[in-house]
Amino acid sequence: MAEKSFKYVILGGGVAAGYAAREFANQGVKFGELAIISKEAVAPYERPALSKAYLFPEFASLFLDLLLHSKFHTAIGFAAPARLPGFHTCVGSGGERLLPEWYAEKGIALILGTEIVKADLASKTLISAAGEIFKFHILVIATGSTVIRLTDFGVQGADSKNIFYLREVDDADKLVEAIKAKKKGKAVIVGGGYIGLELSAVMKINNLDVSMVYPEPWCMPRLFTAGIAAFYEGYYANKGIQIIKGTVAVGFNADADGEVKEVKLKDGRVLEADIVVVGVGGRPLTVLFKGQVEEDKGGIKTDSFFRTSVPDVYAVGDVATFPMKMYDEMRRVEHVDHSRKSAEHAVKAIFASEVGKSVDEYDYLPYFYSRSFNLSWQFYGDNVGATVLFGDNNPSSENPKFGSYWIKDGKVVGAFLESGTPEENKAIAKVARVQPPAESLDQLAKEGLTFACKI
Ligand code: FDA
Ligand code: NAD
Numbered sequence: 001m002a003e004k005s006f007k008y009v010i011l012g013g014g015v016a017a018g019y020a021a022r023e024f025a026n027q028g029v030k031f032g033e034l035a036i037i038s039k040e041a042v043a044p045y046e047r048p049a050l051s052k053a054y055l056f057p058e059f060a061s062l063f064l065d066l067l068l069h070s071k072f073h074t075a076i077g078f079a080a081p082a083r084l085p086g087f088h089t090c091v092g093s094g095g096e097r098l099l100p101e102w103y104a105e106k107g108i109a110l111i112l113g114t115e116i117v118k119a120d121l122a123s124k125t126l127i128s129a130a131g132e133i134f135k136f137h138i139l140v141i142a143t144g145s146t147v148i149r150l151t152d153f154g155v156q157g158a159d160s161k162n163i164f165y166l167r168e169v170d171d172a173d174k175l176v177e178a179i180k181a182k183k184k185g186k187a188v189i190v191g192g193g194y195i196g197l198e199l200s201a202v203m204k205i206n207n208l209d210v211s212m213v214y215p216e217p218w219c220m221p222r223l224f225t226a227g228i229a230a231f232y233e234g235y236y237a238n239k240g241i242q243i244i245k246g247t248v249a250v251g252f253n254a255d256a257d258g259e260v261k262e263v264k265l266k267d268g269r270v271l272e273a274d275i276v277v278v279g280v281g282g283r284p285l286t287v288l289f290k291g292q293v294e295e296d297k298g299g300i301k302t303d304s305f306f307r308t309s310v311p312d313v314y315a316v317g318d319v320a321t322f323p324m325k326m327y328d329e330m331r332r333v334e335h336v337d338h339s340r341k342s343a344e345h346a347v348k349a350i351f352a353s354e355v356g357k358s359v360d361e362y363d364y365l366p367y368f369y370s371r372s373f374n375l376s377w378q379f380y381g382d383n384v385g386a387t388v389l390f391g392d393n394n395p396s397s398e399n400p401k402f403g404s405y406w407i408k409d410g411k412v413v414g415a416f417l418e419s420g421t422p423e424e425n426k427a428i429a430k431v432a433r434v435q436p437p438a439e440s441l442d443q444l445a446k447e448g449l450t451f452a453c454k455i
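Residue 1 is where the sequence shown starts when you use UniProt numbering, and the numbers rise one by one after that.
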């Protein structure tokens, strides 16, 4: 089979690939030098849309719910579900939307619907499932994550129909079809993390009867304190979502057509279900490179310029375990802000090195966010040490607004805010970056947002 050769290849066509492509163009990549190889059939897009606006119902069916429950600004947001080409990168950060035509104009080859099944870094060769051979001089690995499946643990019945996972636009399309087919049906969401919370909300907005199941004592334990979680659990309960904590799904019963009908829980309960969505975590896609490149903490180890242990091979986004300069620690981050910034940083480093120059070390301030119903939170920094909660976190308040600080060694190292204005979110970001001293936890709790706004 014919061999294609490129100076630069980005392997993966997700968020990092889109932002890397834009930076390649900014740096003056020449026509024909760059290729993006992706198993997805579409140009890079803003993946976060898939668990939010992509799953909104059509306007007509939502109208009544909006009148009953939502604020006007949310009504506009919910008016139409997001669809491609509306959210191709780089609109998520307020940038230009890169349509396939943009790649063509720049001479960037978009090689879509192409899964690479073999990578040989020593001979700089990638081979696709169809047997195509791609050669590169410089490779940027941007393969992201894949979902952890219940079938991986041999959960009985986990391969029944209408049990969904959500990673790519194809997965979202299948879920949209199921939501249409199972109107007013019962949805069980397995997992209490990002997918669990965002999907429970969006399924409820679609008028399904929603239950959420997770093993921990409170939702999103990776980040939330018990106090933060209590707000979201209360808010979701007020919306009519049933929350079942401290247990897991151990099996599924299906009907004669193989469609899921029941979820069996470890505590003995059985839940009826027409649709199940599973969000029990992700796993970085490093498998192609096993034994060829150094790994750390489950990801591909890089330096502060996203160079791996193999010359001319970079790794960015979810797959990279990189030096988090602020905390003097190697970390992997599975969030969109880092995927964008790491991609841009790597491309700048590539071009600088070609002219014997260098760029500054990557100095990342962790930033995570989520949105559901008409809630929206942001978190910056590190969630370690003691915590204080401030503000109105009563889930029944008309306009709840609250936050949390994390304090380590007398300094504020992390900050969380629900329903902040853009200025307030900037203020908490600054706190996490500057790490101001905290006189006392009581004082910090009393001052709340005022503390951040004066930094
Ligand atoms: P990403 O997963 O975006 O892209 C990887 C690409 O590589 C995919 O196109 C994949 O098909 C391709 N690929 C993999 N292996 C391949 C192979 N062998 N051959 C060819 N192609 C291959 N974060 C956040 O901060 N806020 C949010 O609200 C959300 N929301 C959100 C919703 C949903 C549904 C998901 C799944 C994830 C989020 N995230 C998020 C996380 C965020 O989207 C994620 O961190 C970034 O997409 C990571 O970008 P990458 O480019 O590293 O991987
Ligand atoms: P996650 O790690 O956020 O949450 C996994 C959750 O699964 C855990 O909190 C736990 O409650 C639950 N769990 C684990 N084993 C279970 C079991 N056997 N039964 C029931 N529950 C179980 O992962 P996720 O929510 O699946 O998200 C997948 C990826 O997508 C992550 O990389 C995440 O960062 C990303 N994502 C991010 C956002 C965001 O940043 N807003 C939104 C959606 C997805």
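We treat Cβ as the ideally placed atom computed from N, Cα and C, and that holds for glycine.
From a predicted model like this one, the values you see are computed outputs, not experimental measurements.
Best match in the options for proximity to residue i [C-alpha to C-alpha]
i: P323; options: F373, V347, E295; result: E295
i: G28; options: L444, V293, G282, A352; result: A352
i: P100; options: Q443, K408, S93, F87; result: F87
i: residue 456; options: F6, Y8, I407, E329; result: Residue 456 cannot be examined here, being either before or after the span of the chain that is shown, 1 to 455.
i: I455; options: D442, S440, K426; result: K426
i: Y19; options: A386, E418, V336, L449; result: V336
i: V384; options: Y405, L375, D392; result: Y405
i: V190; options: E216, E177, G144; result: E216
i: T308; options: I141, Y103, E354, K106; result: I141
i: V155; options: A82, K266, Y103; result: K266
i: G403; options: P81, G410, T421, K290; result: T421
i: H137; options: P311, L271, A181, K183; result: P311
i: V15; options: G92, R83, F24, A35; result: G92
i: F147; options: A343, I179, P284; result: Per the sequence presented here, residue 147 reads as Val, with Phe not at that position. The shortest C-alpha separation from V147 is found at P284.
i: I37; options: Y8, P81, E46; result: Y8
Backbone secondary structure at residue i - three-state DSSP
i: F231; result: helix
i: E198; result: helix
i: I205; result: helix
i: A315; result: strand
i: H69; result: Because the pLDDT at H69 is just 49, under 50, the model does not fix this residue reliably, and the value given afterwards should be weighed accordingly. Helix.
i: A178; result: helix
i: R283; result: strand
i: R22; result: helix
i: N238; result: helix
i: K446; result: helix
i: G92; result: helix
i: T151; result: helix
i: S128; result: strand
i: E439; result: coil
i: S309; result: coil
i: S61; result: At S61 the pLDDT is 47, less than 50, meaning the model places this residue with poor confidence; the figure from the coordinates comes in the next sentence. Looking at S61 - three-state DSSP - the assignment turns out to be helix.
i: I350; result: helix
i: A75; result: Confidence at A75 is low in this model, with a pLDDT of 41, below 50, so its placement is unreliable and the value that follows should be read with caution. Three-state DSSP puts A75 in a helix.
i: F164; result: strand
i: V213; result: strand
i: V434; result: helix
Under 8 Å between C-beta atoms of residue i and residue j
i: A349; j: V316; result: no
i: G298; j: R332; result: yes
i: F252; j: G157; result: yes
i: residue 481; j: E33; result: Because residue 481 is not part of the residues shown, which for the chain are 1 to 455, the question remains open.
i: M220; j: L199; result: no
i: L150; j: A249; result: yes
i: A109; j: F31; result: no
i: K401; j: E423; result: no
i: residue 459; j: L444; result: The displayed coordinates of the chain run from 1 to 455. Any statement about residue 459 would go beyond what the structure contains.
i: L98; j: A43; result: yes
i: L375; j: I275; result: no
i: G13; j: E40; result: yes
i: T286; j: V313; result: no
i: E334; j: S145; result: yes
Residues sharing a beta bridge with residue i, DSSP
i: Q378; result: Y369, L417
i: M326; result: Answer by DSSP bridge pairing: none, since M326 is not bridged.
i: Y405; result: V388, A415
i: H338; result: H338 pairs with nothing; no bridge assigned.
i: M220; result: DSSP, once it has assigned bridges, lists no residue as partnering M220.
i: R332; result: T321
i: F136; result: F6
i: K264; result: G251, V270
i: E259; result: K161
i: T146; result: R283
request  = Examine the Cβ distances between the segment 222-237 and the segment 108-121 and report whether three or more of them are shorter than 8 Å.
outcome  = no
key: Segment contact flag, the segment 206-223 with the segment 240-252, C-beta cutoff 8 Å, min 3 pairs   = yes
task = Could you tell me whether the segment 366-381 touches the segment 428-440, using the rule of 3 or more Cβ pairs below 8 Å?
result = yes
ask   = Does the segment 267-284 touch the segment 148-166, meaning 3 or more C-beta pairs lie closer than 8 Å?
value = yes
message = Quick test of the definition: if touching needs 3 or more C-beta pairs under 8 Å, does the segment 125-143 touch the segment 365-374?
response = no
ask   = Taking three-plus beta-carbon pairs below 8 Å as touching, is the segment 384-394 in contact with the segment 202-209?
value = no
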